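Going down the list, the protein sequences come from chains Y and E. Numbering of the first sequence is given in the working numbering, commencing with residue 1455 and proceeding in unit increments. Numbering of the second sequence is given in the working numbering, commencing with residue 400 and proceeding in unit increments. For each residue, glycine too, the CB sits at the ideal point set by N, CA and C. Remember, predicted model here, so these are calculated numbers, not experimental data. One structure is given below, encoded as structure tokens.
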Amino acid sequence: MRNSDRKIKYSQAVNEAVSQCMESDPAVFIIGEGVPDPKGIFGTTLGLKEKFGSARVMDMPVSENGVTGIMIGAALAGMRPVMTHQRMDFMLYAMDQLLNNAAKWKYMFGGRSVPLVIRTIIGRGWGQGAQHSQNFQALFAHIPGLKVVMPATAYDAKGLLVSSIEDDGPVIFIEHRWLHDTVDYVPEEIYRVPLGKCGRPRSGDALTIISHSYMTIEALKAAGILEKEGIFADLIDLRTVKPLDLASIFRSVKRTGRLLVLDDDWKTGGVAAEIIASVAENGRLKLKKPPARITLPDVPTPTSPALSKFYYPGTKEIISKAAELLGLNNGKKLKLLSRIPANILQDVPDRSFTGPF
Amino acid sequence: MTDKERLDLYARTLRVRKIEEAIADLYPGQEMRCPVHLSIGQEVTAVAVCSNLKKSDYVFSNHRCHGHYLAKGGDLKRMLAEIYGKAAGCTGGFGGSMHLVDEAAGFMGAVPIVAGTIPIAVGAAFKFKMRKEKRVSVAFFGDAAVEEGVFHEAANFAALHKLPVLFVCENNLYAVYTPLRERQPEQQICGLARAHGIPSSQLHEGDLFDLSGKLRGAVAHVRSGKGPAFVEIFTYRWREHCGPGYDNNIGYRTCEEFESWKSRDPLERTAAILRKAGVLDAETEQRLEKKIAAEIGEAVKFSKAAPFPTRKDYDKRAYA
């Protein structure tokens, strides 16, 4: 389904969402390390300073914890800050303010909430190593009071960011660096994609594949290959990992009876674990095979390209696991795997698959 | 300092410059598949500090760590192999350029999280004091690190316990592309340390020997057990924040500013002093460059030929 005839990049969609929210609400402003700099956070903030001035589009001292607290205070007092981190690893300094104040204020006092959006960027590849490529969605999803949004497409990025900025509580809005250059059909006017509702980029009855953010791109690649062999997967793109759209997940699993969950995060205590546990708890869902998950191994990110190929799961791992769940014989599985384009590097984005999806 | 010592110190600085330039030349080949933050323009700071340290002293560093690592005596082959992602690298290919380490040389680790190693350096100094060891722990960090709360918490603790730690703030005026004036009010960074009760001084990069001499007192103060010291050194990064090229074209700093720093190249000024003193003639210069080039060539060859780490290397690595 095409939402518009206009194709733009994910980074432009993010930019446009912020811009249109700033136009419609003078309480919205954006702050972050590098926000007005010449690279503009991978293009997502380019032009905003020229349009809205430096009082609403601003850089900040390298003081993540303090400035997060200050933004919480501004939000409590009536502003709607959009705080931006170029890398999620750097925002760990701000955990105290986010977990103890932003997430709990409404609960503690029963009154004002904290309409704060934290835009934060995750990624993979190019030797970023242990402190430059961590995905902490599960950490934030664990905290009552926080919502966690992870758009996969440019269309969703714009609609979900508008919803996040308009939401009255704190939202962790996670962008993936490898998605910033992908394109999608995106309407020019402001629109919303609701938080807590998943998307369904492909429908089918063979198995349910649940993903979010960048892993949705890998899921789409895998689904395309499966389709060539007449296997139609039901793809669920979570869009938000907190709250989870369990109703849609249950509906799909009930129909397919086979569940594969993808999560670009460590295995233990992750979003995939939560989904599988929720399905297991639901007594009305009868699975034909034990549920499966594809995650990062429980080790920190390696730097060497020789190790990143084991570390980052992709189309191959999805196809293999899907074949297992479907009970395909080895010949059929190999035939599917042979359809994966050769020479795909694991540490740089695949330029041959950039959407629209 | 004798002429020989001065020449040796110069050669160590020239070596850092040449190694960084070699990385910049090789990087476009895409075999070094990790981010690199080159210290070209800032080499003198690293060598001047480390020229006052002993092998048993500790150095902790940040993302722009190549110069610190090399100046403290870190192994070149293992550094380049690391950047090439090889098992022979100083962390076995797990860290890359931003996570160098060579414990045998007293270079205890570098991490890219801003101010991340400042409390770690203070903790090592805490151990030195508890065990009554006459050693010095050094934290290298940039001008943005003093904007982090953890710097102030660590500085307070170090001052309170009179710990043998030297805080070295390399003020290169930018956090990525954001200038100092957009991040801090008009102040002296070393004044922040003074407010924590730490003796502090503001130094200009100048030439190597001048800077090394000025740092001698600070290191001696720290080693004597009188407590921490803080130095703010003005310096300038020539290349782009991250990567092998230049980024003056993107507009966050002016070409005039860049040229004015480049024309005062501390390495070149150091060479000029030695030339004037008759210690560095064309022949010596050529000999030094040839020796460094040969060492780099060998290290690159070693790194390219070295095997990659394998999957079994990482499975249990995260736990003691």
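> How would you write the range of the alpha helix (DSSP H) that Y/Ser1508 sits in, first residue to last?
Replying inline: Here residue 1508 of chain Y is taken as the residue at index 54 of the first sequence, counted from 1. Looking at the DSSP string, Y/Ser1508 is not in any alpha helix (DSSP H), and its letter there is neither H nor E.
> Does the region 566 to 578 of chain E come close enough to the region 405 to 416 of chain E that 3 or more CB-CB pairs lie under 8 Å?
Replying inline: no
> From what residue to what residue does the alpha helix (DSSP H) around E/Cys433 run?
Replying inline: Along the second sequence, read from residue 1 onward, the residue named residue 433 of chain E stands at position 34. Segment: none, E/Cys433 is in no alpha helix (DSSP H) and carries neither H nor E.
> Can the beta-carbon of Y/Gly1613 be found less than 9 Å from the beta-carbon of Y/Tyr1561?
Replying inline: The residue you call residue 1613 of chain Y lines up with position 159 of the first sequence. The residue you call residue 1561 of chain Y lines up with position 107 of the first sequence. It is not a contact, given that the beta carbons lie outside the stated cut-off.
> Around the C-beta of Y/Ala1731, are 16 or more other C-beta atoms found within 10 angstroms, so that it is buried, or is it exposed?
Replying inline: Against the first sequence, residue 1731 of chain Y aligns to sequence position 277. Exposed is the call here.
>> Let me make sure I understand the geometry here. Which of Y/Leu1790, Y/Pro1648, Y/Phe1563 has the alpha-carbon closest to that of Y/Lys1696?
In response: As a first step, residue 1696 of chain Y must be located in the first sequence, where it is residue number 242. The shortest C-alpha separation from Y/Lys1696 is found at Y/Pro1648.
> Under three-state DSSP, which class holds E/His620?
Replying inline: Residue numbering aside, residue 620 of chain E sits at position 221 when the second sequence is read from its first letter. Helix at E/His620.
> Could you give the residue range of the beta strand (DSSP E) that holds E/Met507?
Replying inline: What you label residue 507 of chain E is simply residue 108 of the second sequence in a count that begins at 1. It spans 506 to 509 - the beta strand (DSSP E) in which E/Met507 sits, taken as one unbroken run.
> In the structure shown, what three-state DSSP assignment does E/Ile632 receive?
Replying inline: For the purposes of this step, residue 632 of chain E is identified with residue 233 of the second sequence, where counting begins at 1. Strand.
>> With H, G and I counted as helix, E and B as strand and the rest as coil, what does DSSP make of Y/Tyr1639?
In response: Working through the first sequence from its first residue, we reach residue 1639 of chain Y at position 185. Three-state result, Y/Tyr1639: strand.
> Cβ atoms of Y/Ala1467 and Y/Ala1608: under 9 Å apart, would you say?
Replying inline: Taking the first residue of the first sequence as position 1, residue 1608 of chain Y is located at position 154. Taking the first residue of the first sequence as position 1, residue 1467 of chain Y is located at position 13. Yes; because the gap between Cβ atoms is below 9 Å, this pair is in contact.
>> So, at 8 Å on beta carbons, what are the nonlocal neighbours of E/Ala421 in its own chain, with the 5 sequence-adjacent residues on each side left out?
In response: Residue numbering aside, residue 421 of chain E sits at position 22 when the second sequence is read from its first letter. Counting only Cβ-Cβ distances below 8 Å, and skipping sequence neighbours, we find Ile695, Val699.
> E/Arg710: beta carbon under 8 Å from a heavy atom of the ligand FMN?
Replying inline: Absence of the ligand FMN from the depicted structure is noted, as is the absence of any ligand whatsoever, leaving it without description.
>> As an exercise, report each continuous beta strand (DSSP E) stretch of at least 3 residues that is fully enclosed by the region 564 to 612 of chain E, in chain order.
In response: 564 to 570, 599 to 603
> Residues in the region 559 to 577 of chain E with C-beta within 8 Å of chain Y's C-beta atoms, listed in sequence order?
Replying inline: Residues Ala574, Val575, Tyr576, Thr577.
> How would you label Y/Leu1788, buried or exposed, when you count the other beta carbons within 10 angstroms and need 16 or more for buried?
Replying inline: Position 334 of the first sequence, counted from the first residue, corresponds to residue 1788 of chain Y. By the 10 Å Cβ count, Y/Leu1788 comes out exposed.
> the region 1483 to 1507 of chain Y: which residues have C-beta closer than 8 Å to a C-beta of chain E, in chain order?
Replying inline: Glu1487, Gly1488, Asp1491, Pro1492, Lys1493
> Between Y/Met1533, Y/Thr1757, Y/Pro1535, which lies nearest to Y/Gln1800 when the distance is taken from Cα to Cα?
Replying inline: For this step, residue 1800 of chain Y is matched to residue 346 along the first sequence. Checked all of Y/Met1533, Y/Thr1757, Y/Pro1535; the closest Cα to Y/Gln1800 is Y/Thr1757.
>> Contact criterion: CB-CB distance below 9 Å. Does E/Phe506 meet it with respect to chain Y?
In response: Counting from one through the second sequence, the residue named residue 506 of chain E turns up at place 107. So no, E/Phe506 is outside the interface.
> Listed in chain order, which residues of the region 1748 to 1776 of chain Y have Cβ atoms closer than 7 Å to some Cβ of chain E?
Replying inline: Val1753, Pro1754, Pro1756, Thr1757, Ser1758, Pro1759, Ala1760, Leu1761, Phe1764
> So what's Y/Ala1776 in DSSP terms, helix, strand or just coil?
Replying inline: To locate residue 1776 of chain Y, count along the first sequence from 1; it is residue 322. Of the three classes helix, strand and coil, the one that applies to Y/Ala1776 here is helix, per DSSP.
>> Quick check: the Cα distance between Y/Gln1588 and Y/Leu1546, rounded to an integer number of angstroms?
In response: Counting from one through the first sequence, the residue named residue 1588 of chain Y turns up at place 134. Counting from one through the first sequence, the residue named residue 1546 of chain Y turns up at place 92. About 11 Å.
>> What does DSSP give as the partner residue(s) for Y/Asp1718 in the beta ladder?
In response: The residue you call residue 1718 of chain Y lines up with position 264 of the first sequence. Answer by DSSP bridge pairing: none, since Y/Asp1718 is not bridged.
> Contact check, Y/Asp1543 vs Y/Asn1519 under 8 Å by CB: the rounded distance?
Replying inline: For the purposes of this step, residue 1543 of chain Y is identified with residue 89 of the first sequence, where counting begins at 1. For the purposes of this step, residue 1519 of chain Y is identified with residue 65 of the first sequence, where counting begins at 1. Not really, about 14 Å apart at Cβ, beyond 8 Å.
> Expressed to the nearest angstrom, what Euclidean distance is found between the alpha-carbon atoms of Y/Gly1785 and Y/Asp1691?
Replying inline: Position 331 of the first sequence, counting from 1, holds the residue named residue 1785 of chain Y. Position 237 of the first sequence, counting from 1, holds the residue named residue 1691 of chain Y. If I take the Cα positions, the gap works out to 30 Å.
>> Determine, for E/Ala423, whether the minimum Cβ-Cβ distance to residues of chain Y falls below 9 Å.
In response: Here residue 423 of chain E refers to the residue found at position 24 of the second sequence. Closer than 9 Å: no.
> When burial is assigned at 16 or more other CB atoms within 10 Å of the CB, is E/Ile418 buried or exposed?
Replying inline: Position 19 of the second sequence, counted from the first residue, corresponds to residue 418 of chain E. By the neighbour-count rule (16 or more Cβ atoms within 10 Å), E/Ile418 is buried.
> Between the region 537 to 556 of chain E and the region 509 to 520 of chain E, do at least 3 Cβ pairs fall closer than 8 Å?
Replying inline: yes
>> According to DSSP, is E/Arg405 part of a helix, a strand, or is it coil?
In response: Within the second sequence, numbered from 1, the residue matching residue 405 of chain E stands at position 6. Helix at E/Arg405.
> Among E/Ala594, E/His498, E/Glu532, which one has its Cα closest to the Cα of E/Ser460?
Replying inline: Within the second sequence, numbered from 1, the residue matching residue 460 of chain E stands at position 61. The shortest Cα separation from E/Ser460 among E/Ala594, E/His498, E/Glu532 belongs to E/His498.
> Roughly how many angstroms separate the alpha carbons of Y/Gln1474 and Y/Pro1655, rounded to a whole number?
Replying inline: On the first sequence, residue 1474 of chain Y is found 20 positions in, with the first residue counted as 1. On the first sequence, residue 1655 of chain Y is found 201 positions in, with the first residue counted as 1. Their Cα atoms are separated by approximately 26 Å.
> Can you round the beta-carbon distance between E/Leu607 and E/Thr669 to whole angstroms, since I take them to be within the 8 Å contact cut?
Replying inline: By 1-based counting over the second sequence, the position of residue 607 of chain E is 208. By 1-based counting over the second sequence, the position of residue 669 of chain E is 270. Contact flag correct, Cβ pair sits at about 4 Å.
> If you draw a straight line from the C-alpha of Y/Lys1503 to the C-alpha of Y/Phe1483, how long is it?
Replying inline: For the purposes of this step, residue 1503 of chain Y is taken as residue 49 along the first sequence, with counting starting at 1. For the purposes of this step, residue 1483 of chain Y is taken as residue 29 along the first sequence, with counting starting at 1. Going from the Cα of Y/Lys1503 to the Cα of Y/Phe1483 covers about 10 Å.
> Under a Cβ-count criterion, where at least 16 other Cβ atoms within 10 Å of its own Cβ denotes burial, should E/Tyr718 be classed as buried or exposed?
Replying inline: What you label residue 718 of chain E is simply residue 319 of the second sequence in a count that begins at 1. By the 16-neighbour rule on beta-carbons within 10 angstroms, E/Tyr718 is exposed.
> Any C-beta of chain E sitting closer than 9 Å to the C-beta of Y/Phe1544?
Replying inline: Residue mapping note: residue 1544 of chain Y aligns to position 90 of the first sequence, counting from 1. Yes, Y/Phe1544 lies at the interface with chain E (some Cβ there is under 9 Å from its Cβ).
>> Quick check on the burial criterion: 16 or more other C-beta atoms within 10 angstroms. Buried or exposed for E/Gln586?
In response: Locating residue 586 of chain E in the second sequence gives position 187, counting from the first residue. It is exposed - the Cβ of E/Gln586 has fewer than 16 other Cβ atoms within 10 Å.
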